[in-house]
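Asker: Structure in structure tokens, see below.
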Amino acid sequence: MMTFFSGLSPCLIGIEACGSSHYWARELTRMGHTVRIIPPKLVKPYLKGNKNDANDTAAICGAISRPGMRFVALKSEAQQTLQAEHRVRVRVRVRVRARIIRERTALCNEIRGLLSEFGLVLPVGIRHVRKILPEILSQQEQWNDRFIRLLCELSEEMQMLDERISRYDRRPHEAARDDIRIKRLMEIESFGPIVASAL
Numbered sequence: 001m002m003t004f005f006s007g008l009s010p011c012l013i014g015i016e017a018c019g020s021s022h023y024w025a026r027e028l029t030r031m032g033h034t035v036r037i038i039p040p041k042l043v044k045p046y047l048k049g050n051k052n053d054a055n056d057t058a059a060i061c062g063a064i065s066r067p068g069m070r071f072v073a074l075k076s077e078a079q080q081t082l083q084a085e086h087r088v089r090v091r092v093r094v095r096v097r098a099r100i101i102r103e104r105t106a107l108c109n110e111i112r113g114l115l116s117e118f119g120l121v122l123p124v125g126i127r128h129v130r131k132i133l134p135e136i137l138s139q140q141e142q143w144n145d146r147f148i149r150l151l152c153e154l155s156e157e158m159q160m161l162d163e164r165i166s167r168y169d170r171r172p173h174e175a176a177r178d179d180i181r182i183k184r185l186m187e188i189e190s191f192g193p194i195v196a197s198a199l
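First residue of the sequence shown: 1, per the UniProt record's numbering; consecutive thereafter.
In structure tokens:
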């Protein structure tokens, strides 16, 4: 296909929006062609007969020649990467981040349980564990060495989980810092980095 288009003099090319349309549009644009990406719902009214390559091509030609037709803006590789990161981040945030938070909660409950077995009862909540652990670790002489080592390991594990959660939370802000369009969208009330990067 690339050989065919590289042999053509620059022309207008219409592509129906799909998973690889931005890649092909970028490649064809590099060859000097003008490329328009059309949303499928705007091509459909021009489709005559059953869906096949010939009928699809005729429908795209019909749609692209209409005045006032709305086209999909061509995304750069950086924009596509950001969108891919956003999709993965949403999945990660929903599944993995929630799993990490559950792990951290279970770890805090385990620490609370262990401390209660040694007579130190803490209220429910991670903030109480975060507050008391450094105090316990600084007063090592009151506890046996093996228990202190165990608490050190559990404290390190909690810090690791906190860092992983923070990494997931920072990614939208990092993208916002690097992209002027996201910064501009964030000027709109109630638009944060996650919503802005999705657009």
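All C-beta atoms, glycine included, are put in the ideal place defined by N, C-alpha and C.
Can you check the region 166-192 for any alpha helix (DSSP H) of at least 4 residues that lies completely inside it and give the ranges in chain order?
Answerer: You should have 180-185.
Asker: Got a sec, what are the start and stop residues for the beta strand (DSSP E) Arg36 sits in?
Answerer: Counting along the chain, the beta strand (DSSP E) containing Arg36 begins and ends at Thr34 to Ile38.
Asker: Per DSSP, which residues does Gly113 bridge with? Please list them.
Answerer: Gly113 pairs with nothing; no bridge assigned.
Asker: Okay, do the region 30-45 and the region 9-16 touch, 3+ Cβ pairs below 8 angstroms being the bar?
Answerer: In short, these stretches touch, since the Cβ pair count reaches three.
Asker: Less than 8 angstroms separating the beta-carbons of His22 and Leu74?
Answerer: In contact: His22 and Leu74 (Cβ atoms closer than 8 angstroms).
Asker: Buried or exposed: which applies to Ser197, given that a residue is buried once 16 or more other Cβ atoms fall within 10 Å of its Cβ?
Answerer: Ser197 should be labelled buried.
Asker: How would you label Cys108, buried or exposed, when you count the other beta carbons within 10 angstroms and need 16 or more for buried?
Answerer: Buried: at least 16 other Cβ atoms inside 10 Å.
Asker: Tell me, please, which residues DSSP counts as bridged to Leu12.
Answerer: Leu12 is bridged to Thr34.
Asker: Taking only beta-carbon positions, decide if Gly192 is within less than 8 angstroms of chain D.
Answerer: Of the chains in the structure shown, none is chain D; there is only one protein chain.
Asker: Just verifying my parser: in three-state terms, what is the DSSP assignment at Val72?
Answerer: Here Val72 sits in strand by DSSP.
Asker: Going by C-alpha distance, which of Phe191, Asp169, Ser190 and Ile182 is nearest Leu82?
Answerer: Taking only the C-alpha atoms, the option nearest Leu82 is Ile182.
Asker: Rounded to the nearest angstrom, what separates Cys61 and Leu47 at their Cα positions?
Answerer: Distance between the alpha carbons of Cys61 and Leu47: 10 angstroms.
Asker: Provide the residue span of the alpha helix (DSSP H) that contains Glu77, from first to last.
Answerer: Counting along the chain, the alpha helix (DSSP H) containing Glu77 begins and ends at Glu77 to Arg91.
Asker: Can the beta-carbon of Met69 be found closer than 8 angstroms to that of Ile38?
Answerer: Yes, Cβ-Cβ distance for Met69 and Ile38 is below 8 angstroms.
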